[in-house]
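The listed protein sequences derive, respectively, from chains G and C. As numbered in the numbering used here, residues 133 to 350 make up the first sequence, in order. As numbered in the numbering used here, residues 3 to 352 make up the second sequence, in order. Each residue gets a CB set at the ideal place from its N, CA and C atoms; glycine is no exception. Report on one structure; see the data block that follows.
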Amino acid sequence: MDWSVLGPQLLSATGETLYMVAVTLLLAGFIGLVVGVGLYVTRRGNILENTAVFTALNLLVNFIRPIPFIILLAALGQATEAVVGTRLGPNAAIFAMTIGATFAVARIVEQNLMSVDPGVVEAARSMGVSRFKIITTVILPEALGPLVLGYTFLVIGITDMSAMAGAIGAGGLGDFALRLGYQRFNDEVTWAAVIVIIILVQLVQFFGNWLARKIMRR
Amino acid sequence: MTEVSSERTLVRFRDVSKVYTGGSKRAPRVVNAVDNVTLDITKGEIFAVIGYSGAGKSTLVRLINGLEPISSGSLEVAGNRVDGKSETQLAPIRRKIGMIFQQFNLFNSRTVAGNIEYPLKRAGWSPEERKRRVTELLDFVGLTERAKNYPEQLSGGQKQRVGIARALASNPELLLADESTSALDPETTQEVLGLLKRVNRELGITIVLITHEMDVVRSIADRVAVMDTGRVVEVGTTSDVFAYPQAETTRRFVSSVMRTVPREEEIAKVREEHPGRLILVDVTDQNRIGSVLSECARDGVTFEIAFGGISMLQSRSFGTLTLSLNGPDTAVENTIVRLREITKVEEVAR
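Pasting the structure below:
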C-alpha cells in the first residue's frame with residue numbers, strides 16, 4: 133500500500149466529491165425550491181390554487197422520484213451528452229444528480245411548507261400583501277428552520293448520489309473506492325473513502341443542525 | 003330592515019350570501035354559510051356578531067375584507083365595493099382594514115417589533131417612519147419592553163396585544179376581531195377587551211367583533227347582531243337585545259349570562275315551594291312593577307319573588323323575575339292584566 137501515491141488521489145477525490153455535491157446542491161436546491169413552492173401554492177385551497185399546474189408538477193415529481201439513481205444515470209446518458217458534451221466526469225454526474233435531486237428537494241420543500249400555519253398566511257392576506265410577497269416574506273421565512281434540516285438531509289442524499297456516479301466514471305470518492313479499492317480487493321482503500329465520507333456527512337449534519345437550531349431559537 | 007344607510011355607514015351588506023359547495027358529484031353538499039344578510043355597520047361603533055359555532059359569523063367577517071368572496075348580493079366597505087374584486091384589487095382596501103385572530107397568527111420568525119413593522123414594510127413606509135410608528139404602537143399596547151422578544155416568549159394576552167398593534171399599524175378605519183379573546187382566560191379577556199375599547203374610543207376605529215360569548219358582547223359592544231345558521235336573526239343595541247331578546251337563539255345567549263329565567267328542572271322546584279300562580283315578568287327601568295304589585299296587595303293578592311335577577315347594561319337596568327301570586331282568582335287575574343299593561347308577562351305552564 134503506497135499512501136504517498138494514494139494520499140493525494142484521496143485528497144483530489146474528496147475535492148471532486150465536494151465540487152459535485154456543492155454544485156448539485158446549488159442547482160437542485162434552487163430549482164427544487166421553485167418546484168416545491170409551486171406544488172405548495174397551487175395545491176387546493178392555497179393562495180395560487182391551480183389544479184392543472186398542481187397535477188402536472190405532482191405527476192412529474194412522482195414520475196422521476198421512484199427511479200433508482202443508478203438507473204437514472206444510465207437512462208440520462210444521451211441527454212447528458214447533449215447538454216454537457218460528455219457522459220464522463222464530474223460535470224456529467226452533476227447533470228444527472230441535479231435532475232434526480234431536484235424532485236427530492238421539491239417534495240421536501242413542499243412538505244415543510246405545509247407545516248406553516250395557514251393562519252399566518254391569512255393574516256398577511258388581510259394586510260393586503262401580494263401573493264408573491266407572501267411566499268417570499270411569510271411562507272419561506274416561517275418554514276426556514278425545517279427547510280434547513282430538509283436541505284441537510286438532502287446533502288447526505290446527494291453525497292450518496294455522487295458516490296454512485298463514481299460508477300460511470302464521475303470521479304470523486306465513490307470512484308476512488310470502487311476503482312482503487314473494490315476492484316483491486318483492497319479494503320483498506322475502500323474504508324479510507326468511507327471514513328472521509330462519514331466525516332463529511334457528520335460535518336454537514338452538525339452544521340445543519342446548528343443552523344436550524346439557531347433559526348428556530350431552540 | 004330599514005334603509006338607514008348614510009355617510010355614517012362603514013360596512014354595507016345587501017342581501018349577501020355565501021354558499022360553499024362540497025361533497026362529491028353524486029352527493030353534492032351545499033352549505034349556506036351566510037344567508038341573505040342585510041346589515042349596516044356604523045362608523046365609530048363596536049359592533050358584535052354573536053352566534054354558536056357554525057352559525058356563519060366567522061365567514062361573515064371574512065367577507066368584509068374579501069378573504070372569502072361573496073356568492074351573491076353586494077358589499078361595500080367605506081364606499082368601496084368589495085365583491086367582484088381580485089386579490090390584487092383588494093389589496094388597497096385591505097390596508098384600511100386591520101384584523102386580529104383567535105390564534106393571534108403572529109409571525110414566529112419575527113420579533114414583536116418585527117411583527118408590527120411587517121405591514122408597514124409591505125406598504126412601503128421609510129425605515130424612519132416605520133421605527134417611529136412601531137415605537138408608538140408598542141407604547142399604546144404596553145409592550146415597549148418586549149420589542150425584541152419572539153412570540154413564543156409571550157403570554158396569550160401579550161400575543162393578542164401584538165396582534166392588535168400589528169393590525170393598527172397602517173392606521174385602519176376598521177378593525178375585524180375574529181374570536182379575539184376565545185383563547186384567553188377570563189382575566190386576560192378583560193384586559194384585551196379593555197384595549198379594544200381604547201382602540202375604539204381613543205383612535206376612533208370602528209370594530210367588528212365576532213364572539214360566541216355573551217359576556218364579551220355585554221362588556222364592550224354598542225350594537226350586536228345574532229346569527230343562526232347563516233342568517234342574522236336579530237340586530238339591535240346591546241341593551242335592547244339584552245332587555246328584549248326576540249329570537250330564540252338570542253334568548254338562549256342572554257340567559258347564558260343572565261340566568262334570570264328558571265330552567266325546566268328549576269321550575270318544578272320553584273312550583274313545589276311556591277303554590278301560587280307563577281308568572282315571569284320582565285323588569286326594565288321604565289316600568290313600575292313595584293307600584294302595580296303594591297296596589298294589588300289592597301285587593302288581597304300577595305306575591306313572592308321565587309326566582310330572577312336584575313342587571314345593568316349601558317346604564318340601563320333590566321332582568322326577569324319569577325313571581326308567585328296568591329289570593330282570590332279574580333284578583334290575581336286582575337293583577338296579571340295590569341302587569342301586562344306595563345311589561346311582558348309570561349305565565350309559567352302548570
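Judged by their CB atoms, C/L195 and C/T183 are nearer to each other than the 8 Å cut-off.
C/M314: member of the beta strand (DSSP E) spanning T304 to L315, first to last residue. Residue state for C/D224 is assigned as coil, using DSSP reduced to three classes.
Per the coordinates, the alpha-carbon of C/I222 lies some 14 Å from the alpha-carbon of C/M314.
C/T262 counts as buried, since at least 16 other C-beta atoms from the protein chains shown sit within 10 angstroms of its C-beta. Contact annotation, C/V228 with C/G53: C-beta distance approximately 6 Å; criterion of less than 8 Å satisfied. Each of C/V164, C/T11, C/I291 and C/A299 was checked against the Cα of C/D42, and the nearest Cα belongs to C/T11. Per DSSP, C/P174 lies in no alpha helix (DSSP H) and is assigned neither H nor E. Residues of the segment 107–133 of chain C whose Cβ lies closer than 7 Å to any Cβ of chain G, in chain order: N107, F109, N110, S111, P121 and R124. Judged by DSSP secondary structure, G/E148 falls within the alpha helix (DSSP H) whose first and last residues are W135 to T174. Here C/F106 carries a coil assignment [DSSP, helix/strand/coil]. Not a single CB atom of chain G sits nearer than 8 Å to the CB of C/Q160. Using beta-carbon distances, C/L211 does not count as an interface residue toward chain G, since no partner is under 8 Å. If you draw a straight line from the Cα of G/L208 to the Cα of G/I199, it comes to about 11 Å. Judged by DSSP in its simplified three-state form, C/Y120 adopts helix.
By the Cβ criterion, the segment 225–239 of chain G is not in contact with the segment 253–271 of chain G, since fewer than three pairs of Cβ atoms, one from each stretch, lie closer than 8 Å. Looking at C/P94, C/E147 and C/V13, the one whose alpha-carbon comes closest to that of C/V63 is C/V13. Under the three-state reduction of DSSP output, G/Y283 falls in the helix class.
Excluding sequence positions up to five before and after C/G206, its CB lies within less than 7 Å of the CB of G46, all in the same chain and listed in chain order.
At a cut-off of 8 Å between beta-carbon atoms, C/L92 makes contact with chain G. Fully enclosed alpha helix (DSSP H) runs of no fewer than 4 residues occupy 209–216 of the segment 205–238 of chain G, in order along the chain. Inside the segment 219–289 of chain C, DSSP marks whole alpha helix (DSSP H) runs of 4 or more residues at positions 240–245, 250–260 and 266–275, from first to last along the chain.
Under the three-state reduction of DSSP, C/I207 is assigned to coil, being neither helix nor strand. When C-beta distances to chain G are compared with 7 Å, the residues of the segment 50–70 of chain C below that value are N67 and L69, in chain order. Between the segment 188–198 of chain G and the segment 165–172 of chain G there are three or more C-beta pairs closer than 8 Å, enough to call the two in contact. Close to chain C, meaning a Cβ-Cβ distance shorter than 7 Å, are the following residues of the segment 263–280 of chain G: R263, K265, V270, P273, E274 and L276. Interface annotation for the segment 240–255 of chain G against chain C: D249, G251, V252, E254 and A255, criterion Cβ-Cβ distance under 8 Å. Counted as a single uninterrupted DSSP element, the alpha helix (DSSP H) harbouring G/N190 occupies residues T183 to I196. Taking a contact to require three or more Cβ pairs closer than 8 Å, the segment 274–292 of chain C and the segment 67–75 of chain C do not qualify as touching.
Taking all protein chains shown into account, G/P278 has 16 or more neighbouring C-beta atoms within 10 Å of its C-beta and is therefore buried.
When the beta-carbon positions are compared, G/T269 and G/G164 stay at least 8 Å from each other.
Here G/L305 carries a helix assignment [DSSP, helix/strand/coil]. In this structure, the alpha-carbon of C/V350 lies about 39 Å from that of C/T61. Shown here, G/I330 sits in a helix according to DSSP, grouped into three states. One Cα belongs to G/T212, the other to G/A206, and the distance between them is close to 10 Å. Contact between C/L178 and C/I99 is confirmed by a C-beta separation of about 6 Å, below the 8 Å threshold.
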